Amino acid sequence: MMRRFSLTTRLTTLFAIVASVALAVLGGVTLIALEWHFAAQDRDALLGKLQVARNLVSRIDSPVSLAALPGQFQDAFGGQNDLAVAAFGPDGATLYANSGARFLDALFKQTVPSRSEPITWQDGRRQLYGIAVAIPTQMPASRPVRVAIAIEINHHTDFMVKFRRALGSYVVLAALGCGLLGWLVVRHGLMPLYAMKERASSVTAGKLDLRMPIESVPVEMAELAATLNQMLHRLEDAFRRLSEFSANIAHELRTPISNLMTQTQVALSQTRSGTEYREVLASNAEEFDRLARMVSDMLFLARAEQGMLLPSREEIALEQEVEALFDFYEALAEEKGVALELSGRGKIMGDRLMIRRAISNLLSNALRFTPAGQAIHIAIRPERARVIVAVHNPGPRIDPEVLPHIFERFYRAESNRSHTQQNVEGAGLGLAITQAIVTSHGGEISAQSSHDGTVFSIAVPCN
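Numbering (my numbering), first residue to last: 15 to 477.
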């Protein structure tokens, strides 16, 4: 399995490689430039000496001046230990040769005036750079004088060898230094990431309020920190709601279970008649029914929260659904002395049973708090690409501090209303279920309350 390296190691290695390549390229260019410079310098020096010899030879116009050539060469080139010079007369005899004049035979094979080129060769420990040319004289019918000149270039080659070694050592040390500097820079640059790691490792179920630092991190990490903070906020909110949900479940289930246990224990404490047992069983059945409805509602909300609430889609005439609900609640409304009113119409695409249940929850809630002699009014009106269903009840005003929480599970606002306490049924899940249904249809639900009453508004897209 391939080993996984840390981000610090990867960036440090990459930094060192890039620096090494850059230094190596720079060093290579420098070496090439130096070699060209020294080659040009050596060629200029060699051609300068050759020009001196050419001037001396080109003035020969008689055997006397030819005989004087060795002395002239000695005056011009004598005493130069790094210079090798040799001159050969028209008959091939050696006219002049200093102490260092040892030339390659190949040098004399290219003594064509127009094609002679300098060459480099090794003579023991000496490295020579030389040229041989044939220089014509002014003597008629005389063969040219061959002149060979070479200069020692050891000082240049030795310098290049030492320079290559120094440059190689410098590149290696510079690469190591760049790697160390890169490690320090990367380490310092990733310190905010390590701080975020330490902060994240401190997050527990009891410390969900911790947040990632945003002001002290670079811009590149600020978005990551902000995203993590948003995630932690969602987790904190979800955990808080889960804790409250668990506590509410325990509280809501405790009462019916306690009632069932008490009634059953009392019934079993002594012998009773069949009628009395039937009464106990009927009471227990009511509690079981309440438990069943509560469990069903909680499962419904759990499915909605997990995104498993998938409504079917069919055309729904909302005014027909409201009228059907009015027929269902007519007897209860008459008993309470409350009138039911409907205005407007509209059609949407959605799940008929779910939409009916959502409106039914709002209508049931309105009947619970509307005083006798008043009317509940449901208004349906199209608005842009949505249809609004507004349920208005003239009941007591909901406290503004309570209003934001009324769609939470198991939340009841009855104790906050200024009216005579009523026997309120239900587990406080109706409005939460209504919100889940509306949300699954891509809509929104809101509530407004004043001294004139409370209005619950459902906005659902038309298609």
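Backbone N, C-alpha and C fix where the C-beta goes; we use that ideal spot for every residue, glycine too. Computed from a predicted model, the values in this text were never measured in an experiment.
Mapping the DSSP letters down to three states, classify residue i as helix, strand or coil.
| i | result |
| --- | --- |
| ALA461 | strand |
| MET15 | At MET15, the pLDDT of 41 sits below 50, so the modelled position is not reliable; the number obtained from the coordinates is stated separately. Looking at MET15 - three-state DSSP - the assignment turns out to be coil, as it is neither helix nor strand. |
| THR22 | helix |
| ASN112 | coil |
| PHE117 | coil |
| ASN407 | strand |
| GLU250 | helix |
| VAL474 | strand |
| SER79 | helix |
| VAL416 | coil |
| ARG129 | Its pLDDT being 49, under 50, ARG129 is placed unreliably by the model, and the measurement read from it follows with that caveat. If DSSP states are grouped into helix, strand and coil, ARG129 belongs with coil. |
| THR448 | helix |
| VAL32 | helix |
| THR468 | strand |
Please report the Cβ distance between residue i and residue j, rounded to the nearest whole angstrom; I am assuming they are in contact, meaning their Cβ atoms lie under 8 Å.
| i | j | result |
| --- | --- | --- |
| ILE412 | ILE420 | 7 Å |
| GLU166 | ARG140 | 6 Å |
| ALA146 | PHE117 | 7 Å |
| ALA188 | ALA47 | Not confirmed; about 19 Å, so no contact. |
| ILE373 | LEU339 | 6 Å |
What is the rounded straight-line gap between the Cα of residue i and the Cα of residue j?
| i | j | result |
| --- | --- | --- |
| GLU301 | ASP251 | 32 Å |
| PRO385 | ALA214 | 54 Å |
| LEU256 | LEU246 | 15 Å |
| ARG382 | ASN407 | 10 Å |
| LEU61 | TYR143 | 11 Å |
| LEU97 | CYS192 | 46 Å |
| LEU190 | SER113 | 50 Å |
| GLY138 | PRO104 | 31 Å |
| GLU344 | GLN277 | 34 Å |
| GLU290 | VAL309 | 29 Å |
| GLN284 | ILE459 | 53 Å |
| LEU181 | PRO84 | 46 Å |
| VAL416 | LEU21 | 50 Å |
| LEU224 | GLN449 | 30 Å |
| VAL186 | ARG24 | 19 Å |
| ASN69 | LEU37 | 47 Å |
| ALA316 | SER326 | 18 Å |
| GLU349 | PHE314 | 31 Å |
Based on DSSP bridge pairs, tell me the residues matched to residue i.
| i | result |
| --- | --- |
| GLN395 | It should be noted that the sequence gives Arg, not Gln, for residue 395. Answer by DSSP bridge pairing, in chain order: ILE402. |
| GLY42 | Beta-bridge pairing links GLY42 to no other residue. |
| ASP137 | ARG140 |
| GLU166 | LEU142 |
| GLU328 | GLY364 |
| ALA98 | ALA164 |
| ILE390 | LEU354 |
| ALA148 | ARG160 |
According to the neighbour-count rule (16 or more other Cβ atoms, all chains shown, within 10 Å of its Cβ), is residue i buried or exposed?
| i | result |
| --- | --- |
| THR26 | buried |
| VAL438 | Interpretation of VAL438 is limited by its pLDDT of 37, a score under 50 that renders its predicted location unreliable; no figure is taken from the coordinates. |
| PHE173 | exposed |
| LEU265 | One detail in the question is off: residue 265 reads as His in this sequence, not Leu. Counting Cβ neighbours within 10 Å, HIS265 comes out exposed, since fewer than 16 surround it. |
| ARG307 | exposed |
| GLU335 | buried |
| VAL126 | Residue placement at VAL126 is poorly supported in this model, since its pLDDT is 49, which falls under 50; the coordinates are not used for a value here. |
| LYS211 | exposed |
| GLY106 | exposed |
| ARG370 | buried |
| GLN86 | buried |
| GLY196 | buried |
| ARG157 | exposed |
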